[in-house]
Structure formats: C-alpha cells, structure tokens
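Below you'll find the structure, written out as structure tokens, and then a few comments.
Numbering (my numbering), first residue to last: 87 to 178.
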C-alpha cells in the first residue's frame, strides 16, 4: 500500500494558510477535511491540494510529514508558487 504526504491550502481572513498531513487514500482524506470530518484545525474551511508526494511505507510518509511541518521555508515556497499561479490566472 502507498501513502501520501500532502499540503493543503485555504484562503481565510484575507490570508492563505496551509496544512500538512499524510494518508493512504488522499482523495478520501481531502474530502474529509472539506466536510469538517478531518483534523480539528481544518474544520470549517475549504481546502485545495497544492502538493503531494508518494511513499511506499506509512513510516516513511509519517517521517516526511514531520519534516515538512517543521520546514517552514519549504511550505512557504509551495504556498507562494500556488499564490503566484492563482494571481497570474486571475489577471488573465
């Protein structure tokens, strides 16, 4: 079975916030977040997937999740790429 580490983004109170998690079924997990059945932090917001990486084991995915949660520079880089893309699309 494969596992995924993912980054979600949501626009709330005039700013973008991100969330990092892991799951075996990424689509089911994102649907849970968007229907307020996911992690408490994600409830009440609409989330979009902006990053995912596949791992062969749950242990590897969990280690990567922790690493990404701590790596603020990486998270901000992924967020900024998404924001720039959204801004570019809305100006066209």
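We put the beta carbon where it would ideally sit given N, CA and C, even for glycine.
Quickly, what does DSSP pair residue i with across the bridge? List them, please.
i, result
"residue 94", "105 and 135"
"residue 141", "89"
To which residues of the same chain is residue i closer than 8 Å at the C-beta, ignoring the five residues directly before and after it?
i, result
"residue 160", "154"
Comparing C-alpha positions only, which one of the options sits nearest to residue i?
i, options, result
"residue 149", "111, 102 and 106", "106"
"residue 141", "166, 104, 111 and 174", "111"
"residue 61", "167, 93 and 175", "Within the shown structure, residues of the chain are numbered from 87 to 178, placing residue 61 beyond reach of any answer."
"residue 135", "113, 123 and 121", "113"
"residue 96", "175, 164 and 174", "164"
Ordered along the chain, which non-local residues of its own chain (more than five positions away) have a Cβ less than 6 Å from that of residue i?
i, result
"residue 115", "109"
"residue 147", "89, 91, 108 and 141"
Spatial neighbours of residue i within its chain, please: CB distance less than 7 Å, with the 5 preceding and 5 following residues excluded, ordered by chain position.
i, result
"residue 169", "102"
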